[in-house]
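K.L.:
Protein chains in written order, with the working numbering: chain G, 6 to 378; chain W, 6 to 378; chain Z, -17 to 319; chain V, -17 to 319.
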Amino acid sequence: MSTGVQHLLPCAEPVQLLTEDGTRTDPTSEVRERGYAFPSDEDLLAVWRQMVIGRRFDAQATALTKQGRLAVYPSSRGQDACQVAPVLALQEQDWFFPTYRDSMALISRGLDPVEALTLLRGSWHCGYDPAATRTAPQCTPLATQAPHAAGAGHGMARRGEGGLALCFIGDGGTSEGDFHEGLNFAAVFNAPTVFFVQNNRYAISVPLARQTKAPSLAYKGIGYGIRSEQVDGNDPAAVLAVTRAAYEHARAGRGPFLIEAHTYRLEAHTNADDATRYRQADEVTQWSGRDPIARLRTYLVGTGALTPEREEQVAAEAEEYAADVRERMNREPEVAPLSLFDHVYAEPTPQLREQAAMVAAELEDAHGSEVTA
Amino acid sequence: MSTGVQHLLPCAEPVQLLTEDGTRTDPTSEVRERGYAFPSDEDLLAVWRQMVIGRRFDAQATALTKQGRLAVYPSSRGQDACQVAPVLALQEQDWFFPTYRDSMALISRGLDPVEALTLLRGSWHCGYDPAATRTAPQCTPLATQAPHAAGAGHGMARRGEGGLALCFIGDGGTSEGDFHEGLNFAAVFNAPTVFFVQNNRYAISVPLARQTKAPSLAYKGIGYGIRSEQVDGNDPAAVLAVTRAAYEHARAGRGPFLIEAHTYRLEAHTNADDATRYRQADEVTQWSGRDPIARLRTYLVGTGALTPEREEQVAAEAEEYAADVRERMNREPEVAPLSLFDHVYAEPTPQLREQAAMVAAELEDAHGSEVTA
Amino acid sequence: MSTTTFAQALNRALRDSLAEDDNVLVFGEDVGQLGGVFRITDGLTADFGEERCFDTPLAEAGIAGFAVGLAMQGFRPVIEMQFDAFGYPAFEQVVSHIAKMRNRTQGRLGMPIVIRMPFAGGIGGVEHHCDSSEGYYAHTPGLHVVTPATPADAYSLLREAIASDDPVVFMEPKALYWSKAELELPVTTEPFGRAAVRREGTDVTLVAYGPQVPNALRAAEVAEQEEGWSVEVVDLRTIVPFDDETVAASVRRTGRCVVVSEAQGFGGVGGEVAARVAERCFHSLAAPVLRVTGLDIPYPPPKLEHTHLPGVDRILDTIARLQWDDQPDTTHLAATR
Amino acid sequence: MSTTTFAQALNRALRDSLAEDDNVLVFGEDVGQLGGVFRITDGLTADFGEERCFDTPLAEAGIAGFAVGLAMQGFRPVIEMQFDAFGYPAFEQVVSHIAKMRNRTQGRLGMPIVIRMPFAGGIGGVEHHCDSSEGYYAHTPGLHVVTPATPADAYSLLREAIASDDPVVFMEPKALYWSKAELELPVTTEPFGRAAVRREGTDVTLVAYGPQVPNALRAAEVAEQEEGWSVEVVDLRTIVPFDDETVAASVRRTGRCVVVSEAQGFGGVGGEVAARVAERCFHSLAAPVLRVTGLDIPYPPPKLEHTHLPGVDRILDTIARLQWDDQPDTTHLAATR
Ligand SMILES: Cc1ncc(C[n+]2csc(CCOP(=O)(O)OP(=O)(O)O)c2C)c(N)n1
Ligand SMILES: Cc1ncc(C[n+]2csc(CCOP(=O)(O)OP(=O)(O)O)c2C)c(N)n1
Ligand SMILES: [Mg+2]
Ligand SMILES: [Mg+2]
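Shown next, in the form of structure tokens:
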């Protein structure tokens, strides 16, 4: 094989900077050459803090499904490092392309949690302002966000202001044609777009082995001429280091970057799913032991960066955050039936005006009969 | 990089067994290790003969467009080695999935040339019997045949009779999502399907550089865990050797195989295209010098396998073949308007019966008025 | 007789087809061990083996295209698109290959493929989970489009679909999955192309299909009780082929017609039905054929879906617009025939 | 005044839009140096640079999805699907993203994207090159569907499409690319949502759009000359939004209506138009609204396309079925209103 292609291939093993018990690894020469710099305590502390808040938020959201306050909730517990580190490493000017699973990432980006939960609450589709937050609506049709992110990255490059696009996608999503087309467009147009695959080993019930025979999903990059890496997705330090390197690569005009993060979804696909139908409890137990939050905590306690006071503080912050979410989500949202017609087009068609009038008359009737009843 | 993946990557350079001037190369150790055995004179003679006939046929078809006998014709002149060798190496039980460009391949498979030209003549869509010929209808929507070939390969594996599927596709076609999905399905189901990319450097006017940034299209294989190779597509010996190895691999139950053949389309995209709009004459000249037929001829004359008598014989055979095609294509084909309704469903719906009655009445009217006129 | 849900009827149809014909294969996303997100394929992998009912990678065009290849080898694939809107990635395979293959090959290569597709809404699903996409498929020559509304039809039509030598888009109304009937399986109902008069009436015909059949029946009852209108309800059962005979006969009898369809109205199946009825029954009509359909908007979020869906009230309001007071002279109208 | 072809008018519209607004980008397969397989983008790369008009990899979902991303960044992509049937791979991107984005985001993120699509047949194209797919798009809320039939409209409607803040599926009738008009560009015709009465008449209204407008006009002339029928021809121009006003006013005047559409008829735009007309003009109609459409078959091979296409004869035959002899009492019909 030509050595000219070597740099497009991922490391043979997922990049790891922290062992499962929270000590620094001795990075391989490959890892050192690729410039995955071990992050500072300060940066890791920020990641840890956001993971703690994110996980509390995630638990709160799951609880809200039980109270019927959310139509459905796909938890990302266990994927916390992936949800937090790549997002914290973004700049404000960058665009983020999340999926339905990435609510924790949305709040890590600073979005209002109630706006972030709008889709799953069922009061509207996207509840936040994509332009203001530079965050695309959460994408449900698998992989369709990949060409969007390629186009957005290319658009930012055209504007020349240094922004990049971060595209999240699941392992299952990589099988869709749009993943392929998105990566190829990004490569051909040299777009500053980073594709971040959260390989949580399942697509609902379909295990990774049914999804691909690739040695690792990161080997898909070379087929597009895209620089690729695989990383231990439960190692917050490694995730942070690799995404940062990817962002540098993209911002330097060297084109897109593909990252595969090996991680695990500890909960079922959503609250409506029964994961016991397709996976063994001991697999879950095993992955529970690789908890990214615990791992980073151990490390930071070890360096002295994380003090008991700080821990208490953050725990309180997380509780407060969850309480606020709970409180606000328990209020019934306002949904105006006639708003259904407001944004189908910038200007409603005559046909929609007719239909709006019909609905308005029905509401009037209903209201009238309520009043007389 | 893990050595465990090495076997999935193509050789660094396209496999070549014959130099451009028709002498045997000294194969690299890589080529030897991969078992690409130099074919016998007898086999190469068969390939040479079929290329001569194929090229004559191709010229005849182009001529038929000028006489308005074909609606359109996409020539494969220059790609003759790709059109012939992989097809001759198939067994009868195998299935072949051609595109609109692969008329030469169709006749190499032994299909009746007039049936093969039905699509381009415009008298029906597919003119041959796919089941009897084990040849799918020529596929126009790019790459959509890739999942068909995966399914057919898997289907044959289920039947356990040793058949495989050969799927042709263009360089442009590799950008479509269906290419990705087809390869992935083939890999996951371990289908005996060989994907053969004729990289002729253009997709109509779009040059390869606008299609991909991959070091070579053969690097797409590893992303699916598919064994891959790149080959000099104008070297008939190499094309034959590599496809044979791929077939052996597939028949042995080791799954799909991806081949990229580097070649060139000497004519315009079709007779209706003006290639001077997007490529330089000297590029065409350069590639004309790499003619697969001349190359193989030189070699076979050198070994003594190809005698002047044999050459004359084959030239005469080719002329005869073309004359037959010309003669039969010059007869106006029969097209029965009411046949439009025959095969929309196995049984026409009441709605189609109504419409057929309307058309029948119109034809009657027209016939009536003709008679009275 | 025992109580059978729509979902159970479908599951049983798959089972019986798998048992009867070794060439039947069931595949798609999560249809294996999980039994499908709606559990329609529950237990099939356990009972028939991985070979007969299996999961695929997540790629709908791939699933449809793989089915084409398998059909070429004599198999009868029954594939699932997990939700209607997730069938769109397979659109090209369905429209350009599955629908056209028999025609392209002069009848030499049929495509006995069933595309199962949970469709329509009313279940509180978030975006992309409640589309009504039957209009796209019904407008595509070469496809059968089947929309069962009862557990008996769910069983019988699915058996017929799998036995069919042509492709069938088999649309399962999500909201009816848990609806029940007293039923002994197997059961054979009327074949493709026959609509069913689900309720007889003399004043007006409601034409409905799939998820809106129960609504039409409820509306008919209320109309009878509250307004004294005698309402006939026709369930199309299959959109393609279409049963002009039954529909036209009913409307010629009643003289009035309302078409009920959950999909966005513009350019959909509702318009086709209304146009056909108006064309065929023109001189019998005492009032224009009206439609009650979904609004011409993307399917709304859960908290607003009731505003979108054709409900009993909207059907009643529409029946009320059929110019009952005008008492048009139908005799004279008939004379213009 | 100078002679301008439909294709030239489109090219000029692209040029003028590119010149006016730096955010306009033209891209797709072969639209760059080649100028498109129909030469609609001829010279744009030469004159505006690779940056503004460029080729992409061959992947229609990718093209559409890339346009979504660019639109998010404030660009106004004008993309080409090389032929109608090659738009199908992009179906999901068009239906689930381009059409819905404004709605999903409560109006915060519009999609000012124009999807240019040569459509329909009559040019001797082989399979997949002559589909009429407007019905799929017209049935999708959130899309404008525009079908110009004259060079002036080709120019003006394309300018309006590119200036629109919403997505437009801009369908160009292939058979009309080389049609001509005496015309000075730029020209501004009526806006989206206005149909045009292309020919006045009193006995019957022909409603047509896109490739069938010239056919309808020819049929009208023959009908007048040979049968003495005075035929009005309405050109819809835009299917979405739909001009109920102009269409209904015409039919109320003439009392008869034939809808002409090249697409396969079942479940298509023709049915929608017929249903709307019958609903709105019921009491003015002296005969049922009839349709002349393509047959419900896959588009035929070149040598048989004339059998499929709605031709002048088929339109005349259909007009003849409008019960001229019955002389129905329209006064009485009006009284039932
Ligand atoms: C095009 C499409 N097909 C099917 C679905 C239904 N679906 C929703 S999530 C999901 C699994 C996705 O798995 P993966 O990409 O691994 O992401 P994860 O849920 O594990 O985060 C499926 C099949 C969908 N949303 N879109
Ligand atoms: C889905 C689809 N999009 C576009 C086209 C139009 N088209 C026909 S051939 C062609 C170029 C294909 O190039 P390539 O795959 O390299 O094959 P080649 O023609 O060079 O053999 C294009 C764009 C098509 N047939 N199908
Ligand atoms: Mg996953
Ligand atoms: Mg090519």
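Ideal placement from N, C-alpha and C gives every residue a C-beta, glycine not left out. Keep in mind that this is a model prediction, so the values were computed, not measured.
Specify the secondary structure class of residue 16 of chain W as computed by DSSP and reduced to three states.
P.N.:
Coil at residue 16 of chain W, not helix or strand.
K.L.:
Go ahead and label residue 378 of chain G buried or exposed: buried means 16 or more other beta carbons lie within 10 angstroms of its beta carbon, across all protein chains shown.
P.N.:
Low per-residue confidence applies at residue 378 of chain G: pLDDT is 36, beneath 50, and the placement is therefore not dependable, though the value from the model is reported in the following sentence. Its Cβ having fewer than 16 others within 10 Å, residue 378 of chain G is exposed.
K.L.:
Classify residue 96 of chain G as buried or exposed, calling it buried when 16 or more other Cβ atoms lie within 10 Å of its own Cβ.
P.N.:
Label assigned to residue 96 of chain G: exposed.
K.L.:
So residue 144 of chain G and residue 104 of chain G are in contact, right, with Cβ under 8 Å, and what is the actual spacing, rounded?
P.N.:
Going by Cβ atoms, the distance from residue 144 of chain G to residue 104 of chain G rounds to 5 Å, so yes, they are a contact pair.
K.L.:
From the DSSP secondary-structure annotation, give me the bridge partner or partners of residue 100 of chain W.
P.N.:
W:170.
K.L.:
Answer yes if the stretch 47 to 59 of chain V comes into contact with the stretch 89 to 96 of chain V, meaning at least three C-beta pairs across the two stretches below 8 Å, and no otherwise.
P.N.:
They touch, by the three-pair rule.
K.L.:
Is residue 182 of chain Z buried or exposed, if buried means 16 or more other CB atoms sit within 10 Å of its CB?
P.N.:
Answer is exposed; the Cβ neighbour count stays below 16.
K.L.:
Nearest chain W C-beta to residue 320 of chain V closer than 8 Å, yes or no?
P.N.:
Examination of residue 320 of chain V is not possible in this model, given that chain V is present from -17 through 319 alone.
K.L.:
Within the same chain, show all residues whose beta-carbon is closer than 7 Å to that of residue 381 of chain W, passing over the 5 residues directly before and after it, in chain order.
P.N.:
Past the boundaries of the shown model lies residue 381 of chain W; chain W is included only from 6 to 378, so the question cannot be answered.
K.L.:
Report the three-state DSSP secondary structure of residue 295 of chain Z (helix, strand or coil).
P.N.:
DSSP places residue 295 of chain Z in helix when its eight states are reduced to three.
K.L.:
Interface residues of chain G around residue 248 of chain Z at Cβ under 7 Å?
P.N.:
Result: 356.
K.L.:
So for residue 322 of chain V, helix, strand or coil by DSSP?
P.N.:
This structure does not reach residue 322 of chain V, given that chain V is present from -17 up to 319, and the question cannot be answered.
K.L.:
With DSSP run on the structure shown, which of helix, strand or coil describes residue 234 of chain W?
P.N.:
If DSSP states are grouped into helix, strand and coil, residue 234 of chain W belongs with the strands.
K.L.:
Is residue 207 of chain W close to ligand 4? I mean its beta-carbon at under 7 Å from any heavy atom of the ligand.
P.N.:
Yes, since a heavy atom of ligand 4 falls inside the 7 Å radius drawn around the Cβ of residue 207 of chain W.
K.L.:
What separation, rounded to the nearest whole angstrom, lies between the Cα atoms of residue 206 of chain V and residue 273 of chain V?
P.N.:
Residue 206 of chain V and residue 273 of chain V: Cα-Cα distance of roughly 20 Å.
K.L.:
Any beta-carbon of chain V closer than 8 Å to the one on residue 146 of chain Z?
P.N.:
It does not: the Cβ of residue 146 of chain Z has no partner Cβ on chain V nearer than 8 Å.
K.L.:
Tell me residue 45 of chain Z's beta-bridge partners as DSSP assigns them.
P.N.:
Partner(s): none; residue 45 of chain Z has no beta bridge.
K.L.:
Please classify residue 85 of chain G as buried or exposed, where buried requires at least 16 neighbouring CB atoms within 10 angstroms.
P.N.:
Buried, because 16 or more other Cβ atoms sit within 10 Å of the Cβ of residue 85 of chain G.
K.L.:
Is the beta carbon of residue 146 of chain G within less than 7 Å of some heavy atom of ligand 1?
P.N.:
Answer for residue 146 of chain G: yes, Cβ within range of ligand 1.
K.L.:
Which residues bound the alpha helix (DSSP H) around residue 119 of chain W?
P.N.:
118 to 121 is the span of the alpha helix (DSSP H), which, as asked, contains residue 119 of chain W.
K.L.:
Does DSSP put residue 57 of chain Z in a helix, in a strand, or in coil?
P.N.:
Residue state, collapsed to three classes: coil.
K.L.:
Give, in chain order, every unbroken run of the alpha helix (DSSP H) that is at least 4 residues long and sits entirely within the stretch 40 to 127 of chain G.
P.N.:
46 to 71, 85 to 93, 108 to 113, 118 to 121 and 123 to 126, all fully within the stretch 40 to 127 of chain G.
K.L.:
At a cut-off of 7 Å, would you count residue 176 of chain G as near ligand 3, judging by its Cβ distance to the nearest heavy atom?
P.N.:
Checking the Cβ of residue 176 of chain G against ligand 3 gives yes.
K.L.:
Below 8 Å between beta carbons: does that hold for residue 157 of chain Z and residue 102 of chain Z?
P.N.:
Their beta carbons are under 8 Å apart, which means residue 157 of chain Z touches residue 102 of chain Z by this criterion.
K.L.:
Out of curiosity, what's the CA-to-CA distance linking residue 212 of chain Z and residue 298 of chain Z?
P.N.:
Going by the C-alpha atoms only, they are around 12 Å apart.
K.L.:
Measuring CB to CB, does residue 286 of chain Z end up less than 8 Å from residue 345 of chain G?
P.N.:
Yes.
K.L.:
Nearest CA to the CA of residue 220 of chain V: which residue from V:13, V:169 and V:151?
P.N.:
Among V:13, V:169 and V:151, the Cα nearest to that of residue 220 of chain V belongs to V:151.
K.L.:
Report all residues from its chain with a CB closer than 7 Å to the CB of residue 222 of chain G; omit the five preceding and five following residues, and keep chain order.
P.N.:
Excluding residues within five positions, the ones whose Cβ falls inside 7 Å are 176, 179, 202, 204 and 265.
K.L.:
Using 8 Å as the Cβ pair cut-off and three pairs as the minimum, do the stretch 333 to 340 of chain W and the stretch 112 to 131 of chain W touch?
P.N.:
Cβ pair count under 8 Å is three or more, so yes.
K.L.:
Roughly how many angstroms separate the alpha carbons of residue 352 of chain G and residue 90 of chain V, rounded to a whole number?
P.N.:
Each residue's Cα considered, the two are about 14 Å apart.
K.L.:
Got a sec? Which residues, its chain only, sit under 6 Å from residue -9 of chain V by beta carbon, not counting five neighbours each side?
P.N.:
Excluding residues within five positions, the ones whose Cβ falls inside 6 Å are 133, 136 and 137.
K.L.:
Could you tell me how far apart the beta carbons of residue 152 of chain G and residue 330 of chain G are, in whole angstroms, since I believe they sit closer than 8 Å?
P.N.:
Their Cβ separation, rounded to whole angstroms, is 33 Å, which puts residue 152 of chain G and residue 330 of chain G out of contact at 8 Å.
K.L.:
What whole-angstrom Cβ distance do residue 74 of chain V and residue 10 of chain V have, given they're in contact under 8 Å?
P.N.:
At roughly 18 Å, the Cβ-Cβ gap does not stay under 8 Å, so residue 74 of chain V and residue 10 of chain V are not in contact.
K.L.:
Could you pull out every unbroken alpha helix (DSSP H) segment of at least 4 residues lying fully inside the stretch 140 to 191 of chain V, listed in chain order?
P.N.:
For the stretch 140 to 191 of chain V, not a single whole alpha helix (DSSP H) run of length 4 or above is found.
K.L.:
How about the stretch 224 to 240 of chain W and the stretch 68 to 87 of chain V: do they share at least three Cβ pairs that are nearer than 8 Å?
P.N.:
Touching, no.
K.L.:
Could you check whether the stretch 42 to 56 of chain Z touches the stretch 15 to 28 of chain Z, counting it as contact only if at least three pairs of C-beta atoms, one from each stretch, sit closer than 8 Å?
P.N.:
No, because fewer than three Cβ pairs between the stretch 42 to 56 of chain Z and the stretch 15 to 28 of chain Z fall closer than 8 Å, the two stretches do not touch.
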